[in-house]
Amino acid sequence: MSAASSFSETTTTTNNEIELVQEHITVENHVFQSEIELLNENKLYNKDVFNLVYIALVIESAAIFLAWNLLNFLSPTYYFNFWFSSHYIPSDYATKFMDSLGMDACSPLFALSILCILPFINNYLVRLCGSLFVNIINLMILFVISWVRQPSHFEMNWFYNITFTVMLIMMGCNGVFQSSLLGIASDLPRKYTSAVVIGTNVGGMISSFLYIFTTSANPKTPKPTAEVYYGFASIYLIICLNILIFLWRSDFVRLHVKTANNIRNEKKLTVGYFLAELGKVFKDAWSELLGIFILFFMMYTIFPTLSIGIQPWPSPGIAHLKKYFIPIGTFLNFYTFATAGAIAACFIEIKPSNRIMRLALLGPCVLSLLLIPYFMYCNFIPNYPEVRKAKVLFKNEWFYFIANGFMGAFIGLFSGILLPLLPRCVEPAVSRLASQVGAATMITGRVKLNELFICINYHDAGAFNESNP
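Position in the sequence shown (from 1) plus 22 gives the number in this note's numbering.
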């Protein structure tokens, strides 16, 4: 009996072990099958069908400075001459408003670009949709005012205060939108950051074509032009808001963002951890950040503050084309070549491990600073009553056209190389932070240092006074 009982117990134990092994094999098969399904799912989602995400990013990034470009186009005619002048005599509000387009307008852009670096709101959908929605409200306010009110001396005060406030809010929202969009693009493959650069310049081209259209229409007053500008920009931003929701629901975007979030481990939000990450960005990508700063410092010093002051040399053959000089020769010329340069940059890929090539990119950026004195010695006419004594060296308009196109192509090319390269020069855990630091660096050159150059330009450059050689 004892032998039979022992045999029975052994058989039972063996059967139990076999069942456990079978269960283990079944579990492993399920896990293996789940992993295969997950890989297949990721392979399916890791595909941008018909390049819809790429196209959506181009459309979205075109909205970054669309409203701001239109506001710049309106500033000389609608604001300076129409609203803030009485009997063709500029008021104090006219001077204050034109000055506010510089340093004052860029301050919220810079401040909120810096704040976007800090991990306050990690939900980028809230950042992007919120900034777009606020800008739509801003544009609708400007549209309604331009539609229902007429300029008068008694209404200048409230009109200036409302317009100035809207302008500050608009620039702050632009800073949030640009930084957040570059941050999202950094989680995607390289070409999607290039799409943001291309789209920004495409937005400039759209603004330029609208500027040319309204100029050729030749309305009796700037009022219809303002209504067209603000109405168009409002509709475009509403379209972008809907596209943004599609973009965020895209499986392709969600897969890459989720993967990047897992690498970042965003639970670590202490000040010390954040400063350590920031230090890694500056340590690993200082040359790219310096190149971006120099590039956009040069750009914002010249364009559009200095560019729009350059006029064709007095000549009978060009008099009838003078009204198209700024829309075509300055804005469309610049943005067309900038877009071409950004597209060309898509075919140039520099490996982050190639340190020598990365440092070599700084050379052309530094040399581009020579464009500042070049444009100063074109036929630059400063605002009244500023006059310069320096002689105009480049009188022919083609010197200006070619240089402006070259500058646009140069900025498009090198920004298209540096901005996509930046998040790939650092560890994957800080790639999004690197892109946001890059966005803030772009604005830094615009805010403070170039104001000094603008002052120098106004005092030391302008149309040559023959009586004072």
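Backbone N, C-alpha and C define an ideal beta-carbon position, used for all residues, glycine too.
Kindly list the residues whose CB is nearer than 8 Å to the CB of residue i, restricted to its own chain and excluding five residues on each side of it in sequence; keep chain order.
| i | result |
| --- | --- |
| PRO241 | THR247 |
| ILE184 | ILE163, ILE167 |
| SER309 | ARG380, LEU381, LEU383, LEU384 |
| MET178 | TRP105, PHE106, SER113, TYR115 |
| ILE234 | TYR346, PRO349, ILE350, LEU354 |
| ILE493 | The chain is shown from 23 up to 491; residue 493 falls before or after that span and cannot be answered. |
| GLY301 | none |
| ILE265 | ALA78, ILE81, GLU82 |
| ILE439 | ALA367, ILE370, ILE372, LEU383 |
Taking the alpha carbon of residue i as the point to measure from, which residue in the options has its own alpha carbon closest?
| i | options | result |
| --- | --- | --- |
| SER216 | LEU435, THR466, MET464, LEU455 | LEU435 |
| ILE86 | PHE165, TYR182, VAL224 | VAL224 |
| SER97 | SER108, ALA116, ILE81, THR281 | ALA116 |
| ILE378 | PHE421, TYR252, ALA307, TYR322 | ALA307 |
| LEU443 | ALA367, ASN160, ALA425 | ALA367 |
| SER129 | ILE191, TRP169, LEU92 | ILE191 |
Using the C-alpha atoms, what's the distance from residue j back to residue i?
| i | j | result |
| --- | --- | --- |
| ASN349 | GLY226 | At residue 349 the sequence reads Pro, which differs from the Asn that was named. If I take the Cα positions, the gap works out to 11 Å. |
| PRO450 | THR99 | 48 Å |
| THR222 | LYS417 | 31 Å |
| LEU259 | SER329 | 27 Å |
| LEU79 | TYR214 | 7 Å |
| PHE155 | ALA431 | 32 Å |
| LEU269 | ILE81 | 11 Å |
| ASN145 | GLY152 | 11 Å |
| CYS262 | PHE199 | 12 Å |
| LEU88 | VAL293 | 35 Å |
| LEU123 | LYS69 | 43 Å |
| TRP90 | TRP335 | 29 Å |
| PHE356 | SER229 | 12 Å |
| ASN196 | LYS413 | 39 Å |
| ARG272 | VAL148 | In the sequence as displayed, the identity of residue 272 is Ser instead of Arg. About 16 Å. |
| ALA255 | MET120 | 21 Å |
| LEU415 | PHE72 | 51 Å |
| LEU389 | THR327 | 21 Å |
| ASN160 | LEU92 | 13 Å |
| GLU57 | LEU277 | Legend: pLDDT at GLU57 = 42, less than 50; position of this residue unreliable, value from coordinates given subsequently. GLU57 and LEU277: Cα-Cα distance of roughly 16 Å. |
Using a Cβ-Cβ cut-off of 7 Å (strictly less than) and excluding sequence neighbours within five positions of residue i, which residues of its own chain qualify?
| i | result |
| --- | --- |
| LEU74 | none |
| ALA298 | none |
| ILE534 | The structure shown does not extend to residue 534, since the chain is modelled only from 23 to 491, so the question has no answer here. |
| ALA362 | ALA431, GLY434 |
| VAL448 | LYS302, VAL303, ASP306, ALA307, ALA456 |
Could you pull out every residue in the same chain whose Cβ sits closer than 6 Å to the Cβ of residue i, ignoring the five residues on either side in sequence?
| i | result |
| --- | --- |
| ALA282 | ASP209 |
| SER201 | SER135, CYS138, GLN458, ALA461 |
Counting contacts by CB-CB distance shorter than 9 Å, is residue i in contact with chain C?
| i | result |
| --- | --- |
| SER309 | No chain C is present in this structure, which holds just one protein chain. |
Exercise for the section: Count the C-beta pairs between the segment 87-106 and the segment 173-187 that are closer than 8 Å, then say yes if the count reaches three, no if not. Expected result: yes
Problem - Validate contact between the segment 196-211 and the segment 453-460 using beta carbons, cut 8 Å, 3 pairs - result: yes
Exercise for the section: Return the chain-ordered ranges of every alpha helix (DSSP H) run that is complete within the segment 426-469 and spans a minimum of 4 residues. Expected result: 453-469
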